[in-house]
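Participant:
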Amino acid sequence: MRLLIKLFAGYILLCTSLVLLSINLVQRCDAVRSHFDVAVVLGGGSTADGLSIDSAARVIAGVRLYQTGTVDSLLMTGAGALGQASTAKAMARKARDMSVDSEGILVEAASQSTLQNARFSLEILPEDTRVIVVTEPFHALRGAASFLWAGKAVAVCATPKVPRPGQGTLRARVREVAAWAVNIPRAAGWTMAAWLVPEDRLPLWTLQ
10 MRLLIKLFAG
20 YILLCTSLVL
30 LSINLVQRCD
40 AVRSHFDVAV
50 VLGGGSTADG
60 LSIDSAARVI
70 AGVRLYQTGT
80 VDSLLMTGAG
90 ALGQASTAKA
100 MARKARDMSV
110 DSEGILVEAA
120 SQSTLQNARF
130 SLEILPEDTR
140 VIVVTEPFHA
150 LRGAASFLWA
160 GKAVAVCATP
170 KVPRPGQGTL
180 RARVREVAAW
190 AVNIPRAAGW
200 TMAAWLVPED
210 RLPLWTLQ
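So the number in my numbering is just where the residue sits in the sequence shown, counting from 1, plus 9.
#1: Might you give, ordered along the chain, the residues of its own chain that have their beta carbon closer than 7 Å to the beta carbon of R139, omitting 5 neighbours on each side?
#2: List, from N- to C-terminal side, the beta strand (DSSP E) runs of 3 residues or more that fit wholly inside the region 70 to 98.
#3: Note the first and the last residue of the continuous beta strand (DSSP E) segment covering V47.
#4: Have a look at G177, R210, Q217 and V171 and flag the residue whose alpha-carbon is nearest the alpha-carbon of I193.
#5: Exposed or buried, what is L51 when buried is set at 16 or more other beta-carbons lying within 10 Å of its beta-carbon?
#6: Assuming T86 and A104 form a contact by the criterion Cβ under 8 Å, report the distance between their Cβ atoms to the nearest whole angstrom.
#7: Look at G113 and L131 and say whether their C-beta atoms are less than 8 Å apart.
#8: Ends of the beta strand (DSSP E) at C166?
#9: What residue does the beta strand (DSSP E) around V116 start on, and which one ends it?
#10: Mind reading off the beta-carbon distance from L84 to E117? Whole number of angstroms is fine, and I expect it under 8 Å.
#11: Would you say the region 183 to 190 touches the region 59 to 68, given that touching needs at least three Cβ pairs under 8 Å?
As C-alpha cells, this is what we get:
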C-alpha cells in the first residue's frame, strides 16, 4: 500500500511539474516571429451568454497572429457543452467581429477534449501544414503533447494570463494537473488498443 501511495504521489508530482513548466516556459503568442500556415485555437468552453474568458482570450491571441501575418488562417476547434452551441462556431463569430475574413477561418465543432481537438483538427488539415497551437499558459504544453500524440509535432504559444476572480487561477491549475493525470493513461491506452484493433473501430468517446 505504501508503494502505491508513493507511486501515486510521484505521478501527481510529475503532472504538477508539467503544468508549471507550461506556465513558465511556453512563449507568449505576441513573441512568435516564425510564420505558420494555420493557428489552431483550442476551445476553452462557452456559456449560454457567450464564450468563456478562456475561449475569448485564445481567440484574441489567434486573431492577433492572423492580423500580423504570422499565420495565414485560423482553425477554431471545440464542441459546446451539452445543450449549448458549438464553442468553435462562437469563436469563429468573435474572430469575424474582429475583422477576420470568413475565408481565413476554419471550424472543427465536434471535439470535446484536447485529445479530440488534436485528432479532429489534423483530420481536416493537409499533412504538411505548419501549425501553431494557441491556448493559455497552463494548458499550452498539454495542447502540444496532444497534437504530438495525434501524429504531428506542432509549435505552441500562450495567451496573456487571464485574470480570474477569487481562487479561479488555483482551481484552473488544479484542473490542469488532473487533466494531465487522466490524459496520459487515456492516450496511452488508445495507442495500445490501436495496435490490436483498427482505429476506426475504437470508440471516440474514450478520448473525451
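Each residue gets a CB set at the ideal place from its N, CA and C atoms; glycine is no exception.
Facilitator: Looking at the atomic coordinates:
#1: Sequence index remark: in the sequence shown, residue 139 carries index 130 (1-based). The residues are F45 and D46.
#2: 80 to 86
#3: For the purposes of this step, residue 47 is taken as the residue at position 38 of the sequence shown. Its beta strand (DSSP E) spans residues F45 to L51.
#4: Within the sequence shown, numbered from 1, the residue matching residue 193 stands at position 184. Here the closest residue by C-alpha is Q217.
#5: Against the sequence shown, residue 51 aligns to sequence position 42. Classification for L51: buried.
#6: By one-based count along the sequence shown, residue 86 stands at place 77. By one-based count along the sequence shown, residue 104 stands at place 95. Wrong, their Cβ atoms sit about 13 Å apart, outside the cutoff.
#7: Counted from its first residue, the sequence shown places residue 113 at position 104. Counted from its first residue, the sequence shown places residue 131 at position 122. No, the pair does not count as a contact, with Cβ atoms beyond the cut-off.
#8: For the purposes of this step, residue 166 is identified with residue 157 of the sequence shown, where counting begins at 1. Where C166 is concerned, the enclosing beta strand (DSSP E) stretches over A164 to A167.
#9: What you label residue 116 is simply residue 107 of the sequence shown in a count that begins at 1. First-last of the beta strand (DSSP E) with V116: I114 to E117.
#10: If you number the sequence shown from 1, residue 84 lands on position 75. If you number the sequence shown from 1, residue 117 lands on position 108. The pair is a contact, with the Cβ atoms about 6 Å apart (cut-off 8 Å).
#11: In short, these stretches do not touch, since the Cβ pair count stays below three.
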